[in-house]
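Read the structure below first, then the notes.
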Amino acid sequence: MQEAHADDGPEREQLRVGPARAATLIRTETFPAVPGQHCRDCTFVSICPAKGAGSVTVQ
Ligand code: SF4
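Counting in our numbering, the sequence shown runs from 68 upward without gaps.
This is the structure:
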């Protein structure tokens, strides 16, 4: 059991920032490739601009 975070605390701000950023990316249809541990299971590695495949989808 953990204590509730303060309404004006840094934890609440972090919880607000994440969904707000996600909403902005979705509304602007911006989906940047962000490399990380999750790449090891990704099926798009062969066409990923962040993993060295380059701009294979850009004409
Ligand atoms: S390989 Fe590219 S598209 Fe796949 S998870 Fe990693 S950054 Fe995202």
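For each residue, glycine too, the CB sits at the ideal point set by N, CA and C.
Asked, Found
"Work out the CA separation of residue 68 and residue 90 for me, nearest whole Å.", "30 Å"
"How is the alpha helix (DSSP H) around residue 97 delimited, first residue to last?", "That residue, residue 97, is in no alpha helix (DSSP H); it is neither H nor E in DSSP."
"Enumerate in chain order the residues of its own chain whose CB-to-CB distance from residue 100 is below 8 Å, with the five nearest sequence positions on each side excluded.", "115, 116, 117 and 118"
"Within 6 Å: the Cβ of residue 102 and any heavy atom of the ligand SF4?", "yes"
"Would you mind stating whether residue 72 and residue 80 have Cβ atoms separated by less than 7 Å?", "no"
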